[in-house]
Amino acid sequence: MLYRVMFRDKIAALLRKTTDAGQSVFTHRTAPVKPEMLPVIFVAIPSETGTSFGRAQPGFNKIVKVEVVAKVAGGTPEQVRENMDHIAEQIEMSVMCDQDLQRSISQVTDFNLEQGLLDEAEDHLGAVKITFGLEYQQDYPVPGVDLQEITGRVGTADEGMTTPGLRVDFPQ
Numbered sequence: 001m002l003y004r005v006m007f008r009d010k011i012a013a014l015l016r017k018t019t020d021a022g023q024s025v026f027t028h029r030t031a032p033v034k035p036e037m038l039p040v041i042f043v044a045i046p047s048e049t050g051t052s053f054g055r056a057q058p059g060f061n062k063i064v065k066v067e068v069v070a071k072v073a074g075g076t077p078e079q080v081r082e083n084m085d086h087i088a089e090q091i092e093m094s095v096m097c098d099q100d101l102q103r104s105i106s107q108v109t110d111f112n113l114e115q116g117l118l119d120e121a122e123d124h125l126g127a128v129k130i131t132f133g134l135e136y137q138q139d140y141p142v143p144g145v146d147l148q149e150i151t152g153r154v155g156t157a158d159e160g161m162t163t164p165g166l167r168v169d170f171p172q
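Mapping the sequence shown onto full-length UniProt numbering, position 129 (from 1) lands on 129, and the numbers just tick up by one.
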């Protein structure tokens with residue numbers, strides 16, 4: 001399984017345990033929901049970028065963007081704003097303070113929060129979008145036969161070739 005999928009699923013599982021959305025945290029669902037279903041959270045991976053380590057075995061320093069969108073309801077615009085602030089805090093604290101998640105990344109490279117009232121609906125609704133940049137390293141296995149041994153010879157200009165007795169067997 002790719003790391004980006006693992007991060008998405010890990011964050012979704014974490015938010016199911018730590019937010020008011022409970023089991024209404026989804027990774028594979030379309031966005032339209034009825035007000036009685038709220039609060040609801042959607043976790044997605046909209047992008048990932050990688051920079052190569054160099055010309056050796058394929059490996060990359062990657063940054064995956066994890067987008068968390070929460071939708072909330074309330075009886076008044078003020079209540080919606082309070083609910084948005086509350087669920088935004090739950091999401092942020094859950095992701096930033098989870099030791100298991102933080103151990104599996106190098107760093108959180110960036111954090112972006114956007115929120116607003118959804119005034120096109122007749123109900124009082126609001127949405128919060130938080131995007132986390134998670135940096136990690138990924139190596140890809142190279143197919144082929146593993147290195148079994150190295151044998152060395154030392155040559156000198158006046159003595160010719162000699163065998164110094166160097167032999168390294170793998171694995172060690």
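Cβ atoms here follow ideal geometry from the backbone N, Cα and C, with glycine treated the same way.
So is isoleucine 11 buried or exposed if we call it buried at 16+ other beta carbons inside 10 Å? The residue in question, isoleucine 11, is buried, as its Cβ has 16 or more Cβ neighbours within 10 Å.
Indicate the three-state DSSP secondary structure (helix, strand or coil) for threonine 109 in the structure shown. In the three-state reduction of the DSSP assignment, threonine 109 falls in the strand class, which pools E and B.
Between the alpha carbons of threonine 109 and glutamate 135, how many angstroms are there, rounded? Straight-line measurement puts the Cα of glutamate 135 at about 6 Å from the Cα of threonine 109.
Between the Cα of lysine 62 and those of Arg4, Ala127, Gly152 and Gly144, spot the shortest distance and give me the residue it belongs to. If we check each option's Cα against that of lysine 62, Arg4 comes out closest.
Mind checking which residues open and close the alpha helix (DSSP H) that includes proline 77? Counting along the chain, the unbroken alpha helix (DSSP H) around proline 77 starts and ends at 77-97.
Determine the burial state of isoleucine 150: buried for a count of at least 16 other Cβ atoms within 10 Å of its Cβ, exposed for fewer. The residue is exposed, with fewer than 16 neighbouring Cβ atoms inside 10 Å.
In the DSSP assignment, what are the bridge partners of alanine 56? DSSP output for alanine 56 lists no bridge partner at all.
So, are the CB atoms of arginine 8 and valine 66 less than 8 Å apart? In this structure, arginine 8 lies near valine 66, with their beta-carbon atoms less than 8 Å apart.
I think isoleucine 87 touches threonine 19, with their Cβ atoms under 8 Å apart; what is that distance to the nearest whole Å? A Cβ-Cβ distance of about 6 Å is found for the pair isoleucine 87 and threonine 19, placing them in contact under the 8 Å criterion.
Glutamine 115 by DSSP, collapsed to three states: which one? If DSSP states are grouped into helix, strand and coil, glutamine 115 belongs with the strands.
According to the Cβ coordinates, are valine 80 and histidine 124 closer than 8 Å? A contact, by the Cβ cut-off of 8 Å.
DSSP beta-bridge partners of leucine 125: Partner(s): Ala73 and Leu118.
So for leucine 14, helix, strand or coil by DSSP? DSSP places leucine 14 in helix when its eight states are reduced to three.
What is the residue span of the beta strand (DSSP E) that valine 149 lies within? In the sequence as displayed, the identity of residue 149 is glutamate instead of valine. Here the beta strand (DSSP E) through glutamate 149 covers 149-151.
Nearest candidate by alpha-carbon position, reference threonine 49, set Asp100, Asn83 and Gly133: It is Gly133 whose Cα lies nearest to the Cα of threonine 49.
Residue from Gln102, Thr51, Gly75 and Ser47 whose Cα sits closest to the Cα of aspartate 139: With distances taken between Cα atoms, aspartate 139 lies closest to Thr51.
Skipping 5 residues on each side, what residues in its chain have a beta carbon closer than 6 Å to that of methionine 84? Setting aside the 5 residues that flank it on each side, methionine 84 is surrounded in the same chain by Val72, Gln115, Gly126 and Val128, each with a C-beta closer than 6 Å to its C-beta; the list follows chain order.
Would you kindly work out how many angstroms separate the C-alpha atoms of isoleucine 41 and glycine 74, rounded to a whole number? So the two alpha carbons sit approximately 16 Å from each other.
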